[in-house]
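Heads up: the protein sequence lines correspond to chains A and B, in order. Numbering of the first sequence is given in the working numbering, commencing with residue 236 and proceeding in unit increments. Numbering of the second sequence is given in the working numbering, commencing with residue 236 and proceeding in unit increments. By construction, the Cβ of each residue, glycine as well, lies at the ideal position given by its N, Cα and C atoms. All remarks here apply to the structure that follows.
Number of protein chains: 2
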Amino acid sequence: MRTPVSKPAVNHTATHVDDSTLREALGYHMKRSFNHVQADLTRVLKPFELRMLTYTALVLITDNPGLRQSQLAAAMDIERPNLVVIIDELERRDLILRERVPTDRRAYALQPTLAGRQLYEHALKAVRAHEAQLTQGIDEQTRATVIAVLRGIEKRLAGGEAP
Amino acid sequence: MRTPVSKPAVNHTATHVDDSTLREALGYHMKRSFNHVQADLTRVLKPFELRMLTYTALVLITDNPGLRQSQLAAAMDIERPNLVVIIDELERRDLILRERVPTDRRAYALQPTLAGRQLYEHALKAVRAHEAQLTQGIDEQTRATVIAVLRGIEKRLAGGEAP
DNA sequence: TATTGTTATACTCTATAACTATA
DNA sequence: TATAGTTATAGAGTATAACAATA
């Protein structure tokens with residue numbers, strides 16, 4: 236989507252730019268590869284009219300019915316105000332419900348609807364196919380190592396600077 | 236910056252949310268870890284009044300003096316229009332120069348100024364220290380594997396869907 | 001006083017179409 | 001006609017402050 240399918244006959248633009256200084260940094264590669272993964276996943280989710288964030292929210296609500304918005308925001312690692320529009324969108328499409336919690340009338344218990352659970356199933360299948368294509372040729376051991384490193388970095392940075 | 240330094244005594248928000256469905260996907264972990272890396276790097280670059288994109292542009296221009304904007308945009312994997320404001324900002328701060336190319340008066344040759352080269356040196360040192368802290372405890376072999384996987388994914392998705 | 005959800009707001013990054021001036 | 005840089009614009013993600021209702 237970002238690069239032309241066939242390269243131009245004469246290419247003045249991509250000739251030998253030295254990025255060796257940047258390539259040292261893990262974050263540089265994380266950014267570049269994630270941008271492509273993000274764009275690709277957006278394309279995969281488009282037929283379901285879902286984005287990465289609405290998909291993530293739908294999955295977590297379906298797997299954790301009764302979840303509260305504050306819990307969901309924490310799980311998704313986003314701020315509460317940013318979750319509101321996501322939940323609004325899913326609710327407007329009748330994929331989830333906001334149910335009042337009797338014991339705490341400030342909070343909502345988020346519940347998937349039947350339509351929500353069905354969309355979850357279909358979208359999940361597409362995402363898994365996408366994931367399989369993405370990690371094709373990467374052995375399970377290596378994939379697990381990459382995930383472990385990414386999670387380790389996340390935990391280190393999430394926990395605050397000084398241990 | 237995102238999570239409090241000390242967790243609240245009673246925590247209703249983070250209790251046992253099942254994200255096992257999402258955790259299968261590599262992209263999920265890429266997003267989460269990159270968000271933290273991005274936020275952390277933003278903090279590291281703040282004293283230099285640089286962002287990830289202005290830093291990247293400054294490094295590439297300094298390492299490749301005379302680079303054209305179209306080449307730089309391709310190297311940074313961003314669209315040309317988005318590069319303009321980045322170059323504007325660096326030029327306004329007298330960190331780089333737009334020099335007309337005599338042989339092609341449509342194009343600019345981007346050159347770092349002395350101030351740009353100096354800021355490059357200082358920022359690079361800070362970024363390297365950040366990187367060292369980030370990858371602390373990860374052996375070189377593993378780090379190389381992660382980078383290779385990320386680059387492989389980027390290349391696969393950048394090249395178009397059908398090989 | 002603290003928390004849940006909310007509104008409003010701002011900044012960053014990304015993407016596309018269309019323009020200008022050159023080639 | 002094609003390319004380099006530009007302008008304008010739109011969409012998405014992220015972050016903070018401040019509010020009403022409730023605890």
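Asked                                                                                                                                                                    : Found
Between which two residues does the alpha helix (DSSP H) containing A/D298 stretch?                                                                                      : M287 to D298
Just verifying my parser: in three-state terms, what is the DSSP assignment at B/R303?                                                                                   : coil
Express the C-alpha separation of B/L280 and B/R286 in angstroms, rounding to a whole number.                                                                            : 6 Å
Per the DSSP calculation, A/I331 is bridged to which residue(s)?                                                                                                         : A/P347
Classify A/A274 as helix, strand or coil using the three-state DSSP reduction.                                                                                           : helix
Assuming B/V381 contacts A/L261 (C-beta within less than 8 Å), just tell me the rounded distance between them.                                                           : 7 Å
Hey, is B/V272's beta-carbon within less than 8 Å of any beta-carbon in chain A?                                                                                         : yes
CA-CA distance, B/I388 and B/L359?                                                                                                                                       : 26 Å
Taking only three categories from DSSP, how would you classify B/A260?                                                                                                   : coil
Taking the CB atoms as reference points, tell me whether B/L330 and B/G301 lie closer together than 8 Å.                                                                 : no
Got a sec: which bits of the region 263-295 of chain B sit with their beta carbon under 8 Å from any beta carbon on chain A, in order along the chain?                   : Y263, H264, M265, K266, R267, S268, F269, N270, H271, V272, Q273, A274, D275, L276, M287, T291, V294 and L295
Enumerate in chain order the residues of its own chain whose CB-to-CB distance from A/H251 is below 7 Å, with the five nearest sequence positions on each side excluded. : none
When the Cα atoms are used, what is the spatial distance from B/V336 to B/Q304?                                                                                          : 12 Å
Using 8 Å as the limit for Cβ to Cβ distance, is A/N299 near chain B?                                                                                                    : yes
Report all residues from its chain with a CB closer than 8 Å to the CB of B/A244; omit the five preceding and five following residues, and keep chain order.             : Unreliable positioning characterises B/A244 in this predicted model, as indicated by a pLDDT of 30, which lies under 50. A coordinate reading is not provided.
Put A/V399 into one of helix, strand or coil per three-state DSSP.                                                                                                       : Residue 399 of chain A is absent from the structure shown; chain A starts at 236 and stops at 398.
For A/P347, count the other beta carbons within 10 Å of its own beta carbon; 16 or more makes it buried, fewer makes it exposed. Which is it?                            : buried
Find out if the Cβ-Cβ distance for the pair B/T289, B/L325 is shorter than 8 Å.                                                                                          : yes
Counting only beta-carbon atoms, is B/A358 nearer than 8 Å to chain A?                                                                                                   : no
Here's a check: name, in chain order, each residue in its chain whose Cβ is nearer than 6 Å to the Cβ of A/L257, leaving out the five neighbours to either side.         : Y263
Return helix, strand or coil for A/V252, following the three-state DSSP convention.                                                                                      : coil
Are the Cβ atoms of A/L318 and A/L332 separated by less than 8 Å?                                                                                                        : no
With a 10 Å radius around its C-beta and 16 neighbouring C-beta atoms as the bar for buried, classify B/L349 as buried or exposed.                                       : exposed
Where does A/D275 land, buried or exposed, given buried means 16+ other C-beta within 10 angstroms?                                                                      : buried
Taking B/V272 and A/M311 to be in contact with their CB atoms under 8 Å, please state how far apart those CB atoms are, rounded to whole angstroms.                      : B/V272 to A/M311, Cβ: 17 Å. No contact.
Start and end of the alpha helix (DSSP H) containing A/Q371?                                                                                                             : Careful: A/Q371 lies outside any alpha helix (DSSP H) and carries neither H nor E.
At the 8 Å Cβ level, is A/E334 part of the contact set with chain B, yes or no?                                                                                          : no
Spell out whether any CB of chain B is found under 8 Å from the CB atom of A/R401.                                                                                       : Lying before the first or after the last residue shown, residue 401 of chain A is absent from chain A, which here runs from 236 to 398.
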